[in-house]
Amino acid sequence: MRLLALIAACAPLLTAPPAAAEEALATDRPDVVESAEVVGRGRVQLEASLAGERNRQAGVTTQVWSTPFLLRLGVSDTVELRLESDGRQRLRLSGAETGRASGWSDAAVGLKWHSQDGDDASGRPALAWLLHLDLDSGSAALRGQGLRPSLRLVAEWELPQGLSLGVMPGLLQERNEAGRRYTAASLAVVMGRSLTEDWRVFGELAAHQLASSRNGGSVLTLNAGTAWLLSPNAQLDLALSRGLNRYSPDWGWTLGLSLRF
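Written as structure tokens, this is what we have:
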């Protein structure tokens, strides 16, 4: 319902005619690999969604619903500030173990620096660096432990026949169940295809975390999805994910709306 209300409130953006020399809308969703582009000086972009996960292990079924969002504020033509969270979250356990929890997820603050433009002729990728800091700011039942920084590099190539390739390696710090800090790697690779000027699809392999079993294991998913440009300043998207090992949620989905102001 909240997503529908947001769509109704922003209807003028969804139907606005193209502005002169309007840059194409570049979002950081629904794939895991972020865009190498920033929103631009003075621009504000909100990327909001509904998301769900389902996992079954040892006779216990875990279901999670959340309302992730990313707010992007352009401070220059190469730098943006970011505020990100999984928003309101609800968790339910059923089967051999039962329970419920709900509340607000932790927030993260960060910045993105677009360090290099891509060049199709030479094969040079567009590059961006992302530095984020997760804060222990959520509800007690959902809060992480302390401050958790991460650093990621995005490289994007525009290929012939409407294809594109994105790669995003990274490093992150977290705490395990014993409260001990550890450093893990992450890596995601996405291949996209533009079917029309306004419609694209993608397939992706994502290692959200590469870590030992005592630190939560390696979280691996295979993702696929699509995105439609409703106007130069609005995008609707949908994606599904399948976990590839016992440390990953069996299934996940997301439905999102992105608006640029």
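Numbering (mature numbering (1 follows the signal peptide of the UniProt record, and there is no 0)), first residue to last: -21 to -1, 1 to 240.
Glycine is no exception: its CB is placed at the ideal position from the N, C-alpha and C atoms.
Under the three-state reduction of DSSP output, ARG79 falls in the strand class. Runs of the beta strand (DSSP E) spanning 3 or more residues and lying entirely within the segment 149 to 193 occur at 160 to 173, 178 to 189, in chain order. In the DSSP assignment, ARG71 falls within the unbroken beta strand (DSSP E) covering 67 to 74. Between the segment 101 to 112 and the segment 70 to 83 there are fewer than three C-beta pairs closer than 8 Å, too few to call the two in contact. Ranked by Cα distance from GLY38, the options ALA75, LEU50, ASP56, LEU52 are led by ALA75. For VAL88, the enclosing beta strand (DSSP E) starts and ends at 86 to 95. Per the coordinates, the alpha-carbon of PRO128 lies some 19 Å from the alpha-carbon of PHE48. SER220 carries a strand assignment under DSSP once its states are collapsed to helix, strand and coil.
The C-beta distance from TRP44 to ARG69 rounds to 5 Å, short enough to meet the 8 Å contact threshold. Taking C-beta separations shorter than 8 Å and ignoring five residues to either side along the sequence, the partners of VAL23 in its chain run LEU50, ARG51, LEU52, GLY53, ARG239, PHE240, following chain order. When the five nearest sequence neighbours on each side are left out, the beta carbons in the same chain lying within less than 7 Å of the beta carbon of ASP56 are those of GLY19, ARG20, in order along the chain.
With three or more CB-CB distances shorter than 8 Å, the segment 217 to 224 counts as touching the segment 193 to 205.
Measuring C-alpha to C-alpha distances from ARG131 to each of GLY195, GLY141, VAL146, GLU32 identifies VAL146 as the nearest.
The secondary-structure analysis by DSSP pairs ARG8 with nothing; it has no beta-bridge partner.
The straight-line gap separating the alpha-carbon atoms of GLU26 and SER64 is approximately 11 Å.
A direct Cα-to-Cα measurement between ALA163 and ASP85 gives close to 19 Å. In the DSSP assignment, GLY31 is bridged to TRP44, TRP232. Taking 8 Å as the cut-off, the beta carbon of TRP230 is found no closer than this to the beta carbon of GLU59. When DSSP states are grouped into helix, strand and coil, ARG225 belongs to the coil group. Contact between the segment 110 to 124 and the segment 133 to 145 is absent: fewer than three C-beta pairs spanning the two stretches fall below 8 Å. For the set GLY102, PRO104, ARG35, the Cα lying nearest the Cα of LEU72 is the one of ARG35. Distance from the Cα of SER210 is smallest, within the candidate group ALA186, SER101, TRP178, for TRP178. GLY102 is classed as exposed because its beta carbon has fewer than 16 other beta carbons within 10 Å across all chains shown. For LEU174, the number of other beta carbons within 10 angstroms of its own is below 16, and it is reported as exposed. SER165 places its beta carbon 8 Å or farther from that of LEU199. Counting along the chain, VAL17 sits inside no beta strand (DSSP E), nor does DSSP assign it H or E at all. DSSP places GLY145 within a strand segment (E or B) once states are collapsed to three.
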